[in-house]
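The next block holds one structure in the form of structure tokens; read it before the comments.
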Amino acid sequence: MKLDRLLAITMALLNQTRVSATELAERFEVSLRTIYRDMESINLAGIPIISFPGSDGGYEILSGYRVDKQILSIDDFSSICGALRGAKTATNNADIDGLLERIGALMPNKPGSFDSSVSLDFSPSPSDKEKIKPLHQAIKELRLVRFEYWDFKGKESLRTIEPMGLFLKGYAWYIYGYCLDRNDFRVFRLSRMADPVVLAEKFVRRDYTLQDVERQFMSKADFNRVGATLRFDPAIRTRVRDEFGFDKLTINADGTIDVEAKYSSKERAIQNILSYGVNVQVLEPPEIQEELRIIVTEMLSHYS
Numbered sequence: 001m002k003l004d005r006l007l008a009i010t011m012a013l014l015n016q017t018r019v020s021a022t023e024l025a026e027r028f029e030v031s032l033r034t035i036y037r038d039m040e041s042i043n044l045a046g047i048p049i050i051s052f053p054g055s056d057g058g059y060e061i062l063s064g065y066r067v068d069k070q071i072l073s074i075d076d077f078s079s080i081c082g083a084l085r086g087a088k089t090a091t092n093n094a095d096i097d098g099l100l101e102r103i104g105a106l107m108p109n110k111p112g113s114f115d116s117s118v119s120l121d122f123s124p125s126p127s128d129k130e131k132i133k134p135l136h137q138a139i140k141e142l143r144l145v146r147f148e149y150w151d152f153k154g155k156e157s158l159r160t161i162e163p164m165g166l167f168l169k170g171y172a173w174y175i176y177g178y179c180l181d182r183n184d185f186r187v188f189r190l191s192r193m194a195d196p197v198v199l200a201e202k203f204v205r206r207d208y209t210l211q212d213v214e215r216q217f218m219s220k221a222d223f224n225r226v227g228a229t230l231r232f233d234p235a236i237r238t239r240v241r242d243e244f245g246f247d248k249l250t251i252n253a254d255g256t257i258d259v260e261a262k263y264s265s266k267e268r269a270i271q272n273i274l275s276y277g278v279n280v281q282v283l284e285p286p287e288i289q290e291e292l293r294i295i296v297t298e299m300l301s302h303y304s
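Shown next, in the form of structure tokens:
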């Protein structure tokens, strides 16, 4: 703990012109006497500390003394800080503030250099946000997690997992880990989880990484299994561009938009197509056209 505090104090001094002993004592929740001893230790380590008396007094590192900060460029520092701020929007991890301060202490002394030109906001939905904090804690403490889960087809099951990591993909948050009910690694979407409980029982982390998850699950997933030719009303062209990409669109003379869409399953295709309401027409294939006719007929029966 003392070594961590000495490092943090050194970073604070590198990052600020002058810091008072009282401020440091409050920040690290120690006595003034402890701070005085810490300053002596830092001095003995070869970092020149100067003390200033009076109401505006405090401690500074000798002017001109700097740790070599040229390992990374300003753009590198800005990118790292931008990513860390984005991570904090998701996890609300207070430790990130300390990490940002330590990184800031190593940045070249240039006005505005701490600002990132790219802002990343990974803020989850309110429902997912309530789950992320305990799940993140369970991952760090190596504790089992139990929860109810609904898969894409609506099948419900009770799962207990060894949580290993959280990740964001396609605007959705996921957790991966070893499922004790399936005796294999699994990925779970947070929005389909209910009532996650962190158990007291601990586990030994298995040799498995997020890269392994991508290799195992993404190689199995065939995201282009089902194709459909869709024609969209020009009134929703912005949404169509957002979802399919401008280079995938064919603009017709009447303003309608044709897209060769690809889906991982017929169910996902139907779900997506229905979300466009009357603003889409399925040109191909016939089986999806027929499926939509059945669904729309059933929907009409609710209002007859």
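If you use the UniProt record's numbering, the sequence shown corresponds to residues 1 to 304, in order. By construction, the Cβ of each residue, glycine as well, lies at the ideal position given by its N, Cα and C atoms.
Beta-carbon proximity check, residue i vs residue j, cutoff 8 Å
{"i": "S191", "j": "D242", "result": "no"}
{"i": "L180", "j": "T160", "result": "yes"}
{"i": "A83", "j": "F147", "result": "no"}
{"i": "E60", "j": "R18", "result": "yes"}
{"i": "L230", "j": "V259", "result": "yes"}
{"i": "G98", "j": "A8", "result": "yes"}
{"i": "Q289", "j": "V278", "result": "no"}
{"i": "L62", "j": "D38", "result": "no"}
{"i": "residue 371", "j": "Y171", "result": "With the chain covering 1 to 304 only, the question about residue 371 has no answer from this structure."}
{"i": "F185", "j": "Q211", "result": "no"}
{"i": "I273", "j": "V280", "result": "yes"}
{"i": "S275", "j": "R225", "result": "no"}
Helix, strand or coil at residue i according to DSSP, with G and I counted as helix
{"i": "E29", "result": "coil"}
{"i": "I47", "result": "coil"}
{"i": "G86", "result": "helix"}
{"i": "D151", "result": "coil"}
{"i": "F246", "result": "helix"}
{"i": "V19", "result": "strand"}
{"i": "G98", "result": "helix"}
{"i": "D212", "result": "helix"}
{"i": "D254", "result": "coil"}
{"i": "D4", "result": "helix"}
{"i": "S301", "result": "helix"}
{"i": "D207", "result": "coil"}
{"i": "residue 306", "result": "Only positions 1 to 304 of the chain appear in this structure, which leaves residue 306 out of reach."}
{"i": "S78", "result": "helix"}
Cut-off 7 Å between Cβ atoms - residues of its own chain near residue i, not counting five sequence neighbours on either side
{"i": "R237", "result": "I257"}
{"i": "I251", "result": "I257"}
{"i": "F203", "result": "L142, L144 and E162"}
Residues near residue i in its chain [Cβ-Cβ closer than 8 Å; skip 5 each side]
{"i": "Y36", "result": "A21"}
{"i": "V240", "result": "F232, L249, I257 and V259"}
{"i": "E267", "result": "F152 and K153"}
Buried versus exposed call for residue i [16 or more other C-beta atoms within 10 Å across all chains shown]
{"i": "E40", "result": "exposed"}
{"i": "I71", "result": "Reliability of the predicted coordinates at I71 is poor, the pLDDT of 49 falling under 50, and the value obtained from them is presented with this limitation in mind. Flag for I71 reads exposed."}
{"i": "L300", "result": "exposed"}
{"i": "I50", "result": "exposed"}
{"i": "L144", "result": "buried"}
{"i": "E162", "result": "buried"}
{"i": "L135", "result": "buried"}
{"i": "F246", "result": "exposed"}
{"i": "T297", "result": "exposed"}
{"i": "A45", "result": "exposed"}
{"i": "I132", "result": "buried"}
{"i": "G54", "result": "exposed"}
{"i": "A12", "result": "buried"}
{"i": "I294", "result": "exposed"}
{"i": "L24", "result": "buried"}
{"i": "Y174", "result": "buried"}
{"i": "A235", "result": "exposed"}
{"i": "A253", "result": "exposed"}
{"i": "residue 336", "result": "There is no way to answer for residue 336, as the model of the chain reaches only from 1 to 304."}
{"i": "G57", "result": "exposed"}
Strand pairing of residue i, partner residues [DSSP]
{"i": "D184", "result": "C179"}
{"i": "T160", "result": "R146"}
{"i": "Y263", "result": "V226"}
{"i": "V282", "result": "L230"}
{"i": "V197", "result": "R146"}
{"i": "G58", "result": "F52"}
{"i": "R189", "result": "Y174"}
{"i": "G165", "result": "Y176"}
{"i": "K202", "result": "R143"}
Close-in-space but distant-in-sequence residues of the same chain around residue i (CB under 6 Å, 5 per side omitted)
{"i": "G227", "result": "K262"}
{"i": "Y176", "result": "M164, G165, V187 and V213"}
{"i": "residue 305", "result": "In the structure as shown, the chain starts at 1 and stops at 304, and residue 305 therefore has no counterpart that could be examined."}
{"i": "A138", "result": "V145, P163 and V198"}
Contact test: residue i Cβ vs the ligand ZN heavy atom, cutoff 7 Å
{"i": "S31", "result": "Because no ligand of any kind appears in the structure shown, any question about the ligand ZN cannot be addressed here."}
Test: residue i CB closer than 8 Å to a CB of chain C
{"i": "K155", "result": "The chain labelled as chain C is not found in the depicted structure, where only one protein chain is given."}
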